[in-house]
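Residue numbers (UniProt numbering): 1 to 596.
Cβ atoms here follow ideal geometry from the backbone N, Cα and C, with glycine treated the same way.
As the structure is a prediction and not an experimental result, all values here were calculated from the model.
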Amino acid sequence: MLVALGIHSHSVYEDEFETPFLFATAEYYRTLSMCFLVSNNASLYVKKVEQCIRDESERAKRYLDPQTESKVLDVLENVLIKDHMHTIVNMEHSGVHVMLSNDKFDQLASLYGLLQRVENGLNVLADSMSRYLRQTGAATVREDCERTPVVYVEDLLELKDRFDAFLLVSFQNDKMFKNRIQTDFETFINLNKNSAEYLSLYMDEKLRKGLKSDLLELKDRFDAFLLVSFQNDKMFKNRIQTDFETFINLNKNSAEYLSLYMDEKLRKGLKSENDENAEKLLDKAMILFRFLQEKDVFEKYYKQHMARRLLLDKSISDDMERVMISKLKTECGCHFTLKLENMFRDKELWTTQSTAFKEYRDNFVQNERTIDISVRVLTAGVWPTHSAPGCILPAPCEQAFNMFNNFYESKHNGRKLTLNTMLGTADVKAVFYGVNSQKPGTSEVRETPKEENKILVVNTHQMVILMCFNSQPRLTFQALSEQTNITERELKRNLQSLAMGKPAQRVLCRKGKGKDIGRFFVVEDDRKHETEAAIVRVMKSRKVLDHNNLVAEVTQQLKHRFLPNPILIKKRIESLIDRDYLARDAHDLKLYNYIA
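Set out below in structure tokens:
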């Protein structure tokens with residue numbers, strides 16, 4: 001009737017009924033909202049508000065002008081949601097942090113749907129989620145927490161899976177949430193300077209001993225939250241991804257742990273899996289790899305771990321190794337995997353080379369008894385190995401290697417082999433004599449009830465050390481050093497290995513003390529060269545560039561491998577200026593000129 005009274009307008013209806021009605025509705029629900037909050041239960045409050053909105057919407061459809069429904073809902077959204085959204089989200093015993101801690105996907109999904117109705121509502125929810133994720137992530141990557149690299153990475157993977165689930169189940173795969181999660185992960189994972197190393201160690205451990213999926217379970221949990229509770233919201237999905245990237249880089253060992261994890265899988269962790277499941281597990285590890293800022297650190301450790309798998313025949317499958325290389329190549333480009341692929345080419349030659357040498361040896365030596373030797377030729381500059389000072393081999397070993405060297409040179413004119421004794425292994429037949437035996441070489445320190453024959457599986461340096469005891473029962477450290485020419489550090493390390501451990505496994509009685517070396521020395525040195533190369537590429541293209549833009553472009557070029565420090569870039573610029581690759585502009589010292 002009031003609508004009909006207005007001539008070509010709703011002014012009478014609006015002035016006489018709608019405006020007072022909306023005011024009264026706001027006052028009523030303002031009072032009712034305070035009653036709802038008394039329960040101090042966020043999920044219960046959300047349910048009551050949802051019911052109020054449904055009821056008022058239905059009544060408006062039935063009894064009011066069609067244009068009034070949206071105005072009524074605006075009133076309810078402002079009074080019941082917007083005015084109290086901070087209170088609801090931050091309720092101590094039932095808010096977002098509690099929902100996340102207890103995997104309340106449905107409650108989070110309902111809260112997401114409610115806050116989605118008001119301006120800035122999702123930002124409030126995302127902020128609360130991000131605070132929880134950063135707190136949890138920072139606690140996960142604490143450096144003072146005693147745990148192995150594997151446990152460290154598994155904790156991160158579990159957290160990532162949880163937030164991927166939140167993003168998918170509760171936050172509708174919301175892009176904003178996805179970005180926030182990814183940012184938070186990147187933030188806190190880089191708080192721990194060991195994250196890259198730990199991630200590589202974790203992959204090494206996993207690829208050697210099997211998958212333990214704490215971090216992966218965390219990722220699955222948050223994938224479930226995203227799907228079930230957050231309606232696969234893009235914002236939530238991005239926040240989860242960002243948060244994982246943030247905290248996974250808090251720990252400086254993350255890259256090493258991830259490489260160890262992959263190493264464990266590629267050793268024997270995937271033996272019980274079919275090809276499809278095995279590839280899925282590696283895909284999950286690649287998700288963590290994408291979060292790493294210091295991918296060059298991962299590359300360093302992965303090369304080492306892969307080399308060890310190939311040299312020691314510990315890989316479960318050449319096909320799976322190639323699959324992993326292919327994934328890294330897709331992610332980082334062919335330059336990242338060039339040496340890995342070349343290592344495989346070397347490996348493919350070992351079998352045919354070994355067969356050919358066996359035929360050569362059988363034809364060359366008919367009556368002499370020689371040591372069985374298997375030599376693996378590594379292309380220089382491809383394998384992550386360090387040259388060792390010439391070790392003095394026992395005569396039979398020297399003779400066997402010289403035979404292979406002659407064979408190789410006959411097949412490859414102009415090539416030269418250099419023996420690396422740091423990488424080899426040997427099976428040594430050892431005789432431990434009884435207490436009363438007076439045979440040559442008896443050591444009074446290593447007595448057994450009766451004569452025992454053992455086969456000792458040792459590295460090359462340990463073999464050289466043990467064979468020194470064929471003629472003498474005791475040797476000083478100085479004497480061993482002179483007879484073997486093994487470096488002091490390596491000699492101490494190997495003597496310690498032979499003299500310590502379980503009593504039944506001790507071959508020698510003397511102990512040695514080894515020293516650790518800085519893990520990141522080579523990486524930092526490599527970064528200097530990579531940074532300088534990037535600076536030269538940019539300047540060669542731009543010819544003239546100011547300092548800030550040069551730093552920005554160099555950072556952009558290098559970010560796929562590591563995040564360069566501006567101080568490092570500045571130092572490398574100064575070094576290039578000193579070496580006449582660049583020059584400061586005579587009129588503006590902030591400008592650099594490229595010198596052709």
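What are the boundary residues of the beta strand (DSSP E) that includes residue i?
i	result
N494	Here N494 belongs to no beta strand (DSSP E); instead the alpha helix (DSSP H) covers 488-499.
A60	Segment 42-63 is the alpha helix (DSSP H) holding A60; no beta strand (DSSP E) there.
Y594	591-594
L582	582-584
D83	Unbroken run through D83: none, as it is neither H nor E.
Looking at the strands, I want to know which residues DSSP matches up with residue i.
i	result
S70	In the DSSP output, where bridge partners are listed per residue, S70 has none listed.
V457	D427
V544	N593
Y257	S200
K252	N194
N173	D233
F185	T246, F247
According to DSSP, is residue i part of a helix, a strand, or is it coil?
i	result
L211	Summary for L211: the model assigns pLDDT 38, below 50, so the residue's position carries little reliability; its value from the coordinates is reported in the next sentence. Coil at L211, not helix or strand.
V141	coil
E158	helix
E92	coil
D103	coil
N274	coil
Q399	helix
Q462	helix
E452	strand
K219	helix
P566	helix
V507	coil
Q116	coil
M422	coil
residue 597	Beyond the ends of the chain as shown, which are 1 and 596, falls residue 597; an answer cannot be given.
G390	coil
R474	coil
R147	coil
M413	Going by the sequence as given, residue 413 is Asn instead of Met. Coil, per DSSP.
V377	coil
V382	coil
R131	helix
D164	helix
D263	helix
H560	coil
G514	Note that G514 scores a pLDDT of 39, beneath 50, so its modelled location is shaky; the value from the coordinates is reported in the next line. Looking at G514 - three-state DSSP - the assignment turns out to be coil, as it is neither helix nor strand.
H97	helix
R361	helix
Residue i lies in the alpha helix (DSSP H); which residues open and close that run?
i	result
I371	Element bounds for I371: n/a, residue is neither H nor E.
K237	234-248
Q483	477-484
Q231	Element bounds for Q231: n/a, residue is neither H nor E.
E27	19-38
Could you give the C-beta distance for residue i and residue j, rounded to a whole number, given that I count them as a contact under 8 Å?
i	j	result
K237	L168	7 Å
S229	L108	4 Å
R376	L311	7 Å
S110	V150	In fact, because the Cβ distance is near 37 Å, the residues do not count as touching under 8 Å.
I248	L288	6 Å
N459	G424	7 Å
T531	V507	Not a contact, Cβ separation roughly 47 Å.
Y198	N123	Not really, about 33 Å apart at Cβ, beyond 8 Å.
F225	F291	About 18 Å; that fails the 8 Å criterion.
L266	S315	6 Å
H461	E490	6 Å
L125	L115	5 Å
Q254	V153	What sits at residue 254 in the sequence shown is Ser, not Gln. Right, the Cβ-Cβ distance comes to about 7 Å (below 8 Å), so this counts as a contact.
Subject >> Entirely enclosed alpha helix (DSSP H) segments - the stretch 284-335, minimum 4 residues >> reply: 295-311, 318-332
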